[in-house]
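Heads up: the sequence shown is residues 29 to 216, going by the working numbering. Glycine included, each C-beta is placed from N, C-alpha and C at the ideal position. None of these values were measured; they are calculated from a predicted model. One structure is given below, encoded as structure tokens.
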Amino acid sequence: MANTQEVQIAALIEELSGASRRRRQEVAHTIALTARAAPEAVAVHVDALVDALFRPEAQTRWEVLDALSAIAEKDPESVAGAFDGAEASLFDDGSATVRLSAFVFLCRLGASSPERSDEVWPLIDEAIQCFHGDAEYRDMLVALLGLAQGNASDATKKALADRVRFDAESGAAGYIKSFSAEILQALS
């Protein structure tokens with residue numbers, strides 16, 4: 029017999045497919061909070077979360093990406109199927125928050141293994157170039173630090189070092205320079 033939390037989570041997951049935009053957003057927020065506290069409780073519903081990456085409203089997508097990021101820290105294999113949805117969200121024209129959540133997810137997925145880092149790196153690299161200096165770039169650098177500290181391949185680590193080196197060594201003083209230097213330090 030399923031426990032109360034499992035039943036509640038299953039009901040929330042079901043509502044991610046509901047007709048109400050507002051309710052999908054509320055449910056996605058609750059699922060993201062639950063995943064941060066207990067990723068294993070939500071992990072059994074990864075397929076439904078991946079499906080929710082294609083809902084029209086931005087909040088549902090960023091909350092689901094945040095939930096998938098929490099799961100990726102514990103069980104990256106289970107969320108590998110979210111790659112395409114995360115890629116689509118990474119270049120969302122309408123929401124910087126969706127782009128950032130996709131970036132964080134891809135960095136966490138890439139930090140889990142050399143093979144995954146090689147798979148996500150081209151997307152991450154393109155996003156760095158597209159969003160360098162944007163309002164969300166500080167948080168992107170934090171996610172890149174996690175990638176640098178993770179189990180990335182030597183090729184991904186070298187490419188990441190090459191990408192941030194100019195900012196670390198020659199950039200103007202500020203968060204971009206200091207985070208870039210921290211990323212380089214983590215890679216050495």
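**Study point:** Closest residue to Thr-184 among Ser-216, Ala-200 and Gln-33 (Cα-Cα distance)
**Key:** By 1-based counting over the sequence shown, the position of residue 184 is 156. The option with the nearest alpha carbon to Thr-184 is Ser-216.
Practice item. For the segment 96-104 and the segment 117-124, state whether three or more C-beta atom pairs, one from each stretch, are separated by less than 8 Å. Key: Flag = no, the segment 96-104 and the segment 117-124 do not touch.
Check your understanding: Could you give the distance in angstroms between the alpha-carbon of Arg-51 and the alpha-carbon of Ala-114?
Key -> Taking the first residue of the sequence shown as 1, we reach residue 51 at position 23. Taking the first residue of the sequence shown as 1, we reach residue 114 at position 86. The alpha-carbon atoms of Arg-51 and Ala-114 are separated by roughly 22 Å.
Review point. Among Ala-139, Asn-179 and Val-170, which residue has its Cα nearest to the Cα of Leu-128?
Key: Locating residue 128 in the sequence shown gives position 100, counting from the first residue. It is Val-170 whose Cα lies nearest to the Cα of Leu-128.
Exercise for review: Less than 8 Å between the CB atoms is what I'm expecting for Ile-211 and Leu-172, so what's the real figure, rounded?
Suggested key: Residue 211 sits at position 183 when you count from the first residue of the sequence shown. Residue 172 sits at position 144 when you count from the first residue of the sequence shown. Indeed they touch by this definition, with Cβ atoms about 6 Å apart.
Check your understanding: Hey, which unbroken runs of the alpha helix (DSSP H) at 4 residues or more fall wholly within the segment 45-97?
Key -> 49-65, 67-71 and 74-80
Review point. Between Phe-194, Ser-45 and Gly-174, which lies nearest to Gln-157 when the distance is taken from Cα to Cα?
Key: One-based indexing of the sequence shown puts residue 157 at position 129. The shortest C-alpha separation from Gln-157 is found at Phe-194.
Check your understanding: Apart from the five residues just before and just after Val-132, which ones in its own chain have a Cβ nearer than 6 Å to its Cβ?
Key -> Indexing the sequence shown from 1 puts residue 132 at position 104. Excluding sequence neighbours, Val-132 sits near Ser-97 and Ala-171.
Review point. Count the other CB atoms within 10 Å of the CB of His-73; is the residue buried (16 or more) or exposed (fewer)?
Key: Counting from 1 along the sequence shown, the entry for residue 73 is found at position 45. It counts as buried.
Point to revise | Local conformation of Met-29 per DSSP, three classes | key: Residue 29 sits at position 1 when you count from the first residue of the sequence shown. Its pLDDT being 44, under 50, Met-29 is placed unreliably in this model, and the value from its coordinates should be taken loosely. Three-state DSSP puts Met-29 in coil, outside helix and strand.
Point to revise | Member of Leu-61, Glu-43 and Ala-200 whose CA lies at the smallest distance from the CA of Gly-161 | key: Here the question's residue 161 lines up with position 133 in the sequence shown. Of the candidates Leu-61, Glu-43 and Ala-200, the one whose C-alpha sits nearest the C-alpha of Gly-161 is Ala-200.
Check your understanding: From Gln-177 to Cys-135, what distance separates their C-alpha atoms?
Key -> As a first step, residue 177 is located in the sequence shown; it is residue number 149 there, counting from the start. As a first step, residue 135 is located in the sequence shown; it is residue number 107 there, counting from the start. C-alpha separation (whole angstroms): 11 Å.
**Study point:** Candidates Ala-155, Leu-175 and Asp-94, of which the one nearest Leu-118 by Cα
**Key:** Here the question's residue 118 lines up with position 90 in the sequence shown. Per the Cα distances, Ala-155.
Practice item. Could you work out which residue in Gly-46, Asn-31, Ser-48 and Asp-94 is closest to Ile-59 when comparing CA atoms only? Key: Translated into positions along the sequence shown, residue 59 becomes position 31. Of the candidates Gly-46, Asn-31, Ser-48 and Asp-94, the one whose C-alpha sits nearest the C-alpha of Ile-59 is Asp-94.
Exercise for review: Return the CA-CA distance between Glu-85 and Arg-49, expressed in angstroms with no decimal places.
Suggested key: By 1-based counting over the sequence shown, the position of residue 85 is 57. By 1-based counting over the sequence shown, the position of residue 49 is 21. When rounded, the distance between both Cα atoms is 7 Å.
Point to revise | First and last residue of the uninterrupted alpha helix (DSSP H) at Ser-198 | key: The residue you call residue 198 lines up with position 170 of the sequence shown. Taken as a continuous stretch (DSSP letters only), the alpha helix (DSSP H) holding Ser-198 covers 182-198.
Point to revise | Ser-145, buried or exposed, once every other Cβ within 10 Å from all chains shown has been counted against 16 | key: As a first step, residue 145 is located in the sequence shown; it is residue number 117 there, counting from the start. Around the CB of Ser-145, 16 or more other CB atoms lie within 10 Å, so the residue is classed as buried.
**Study point:** Residue span of the alpha helix (DSSP H) that contains Phe-119, given as start and end
**Key:** Within the sequence shown, residue 119 is the residue found at index 91, counting from 1. Premise fails: Phe-119 is in no alpha helix (DSSP H) and is neither H nor E.
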